[in-house]
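Take 0 as the starting number for the sequence shown in numbering that gives the first Met the number 0 and just add one per residue.
Shown next, in structure tokens, is the structure this report addresses.
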Amino acid sequence: MDSGKRWSTVIRPAWRSRAIFFIRLSVGLVFFTQGILKYIDPNMGVNRFARIGFPFPHFTAQFVGTFEIICGLLVLVGLLTRISAIPLLIVICTAIATTKVPELANPHQGFWFMVSDARTDFSMLMSLLFLVRSGAGLWSLDARLMGSESNERAR
Numbered sequence: 000m001d002s003g004k005r006w007s008t009v010i011r012p013a014w015r016s017r018a019i020f021f022i023r024l025s026v027g028l029v030f031f032t033q034g035i036l037k038y039i040d041p042n043m044g045v046n047r048f049a050r051i052g053f054p055f056p057h058f059t060a061q062f063v064g065t066f067e068i069i070c071g072l073l074v075l076v077g078l079l080t081r082i083s084a085i086p087l088l089i090v091i092c093t094a095i096a097t098t099k100v101p102e103l104a105n106p107h108q109g110f111w112f113m114v115s116d117a118r119t120d121f122s123m124l125m126s127l128l129f130l131v132r133s134g135a136g137l138w139s140l141d142a143r144l145m146g147s148e149s150n151e152r153a154r
């Protein structure tokens, strides 16, 4: 392999990379499992939404859980990834606004507690923004549906 071709492989844009699979794996599994938990564990579903103050906590928990399960699976397999990431962005932004930001006002918690508590939410937020911008990558159903000719041009 000549040095020019090797260098272009090193600097290849991320959205043409197979490594995006690992971002999709983490985001998809986190949302998929959290969606299931909203159905099977009342403390992660109905009780949590009631404690936060959402109206109709039973409906809200199942509504959010359904989106997390479906969109989490779609992100995981890389199907309609950019579109599937949008509802998950709404979910994670709502979670940050309703559960993390209020920690700033609590005198026993404050900024550093909130920063530590929000690390997973922040990681999911940044990963979702990345997926909206970059798409699913080469190891995805999105790439397969585009066809091998499009994938070859992307490489």
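Positions of the beta carbon are idealized from the N, C-alpha and C atoms, including for glycine.
Just so it is clear, the structure is predicted and the values come from calculations on it, not from any experiment.
Check whether residue i and residue j have beta carbons under 8 Å apart
i    : j    : result
G71  : F121 : no
R132 : G77  : no
L124 : I91  : yes
Q61  : K99  : no
V26  : L127 : yes
G136 : I35  : no
T97  : I51  : yes
Candidates the options: closest to residue i by CA position
i    : options                 : result
F66  : L88, P41, N105 and L103 : L88
A94  : F21, I69, G44 and L28   : G44
V63  : F48, V74 and G52        : F48
T119 : L73, F20 and L28        : L28
I69  : Q33, M145 and G109      : Q33
S83  : G134, F21 and A142      : G134
A142 : D116, A117 and T80      : T80
Unbroken alpha helix (DSSP H) run spanning residue i, endpoints
i    : result
V100 : Counting along the chain, V100 falls outside any alpha helix (DSSP H), and DSSP gives it neither H nor E.
F20  : I19 to I39
Assumed close pair residue i, residue j - CB separation to whole angstroms, cut-off 8 Å
i    : j    : result
W138 : R17  : 5 Å
V74  : L144 : Incorrect: roughly 15 Å between the Cβ atoms, too far for contact.
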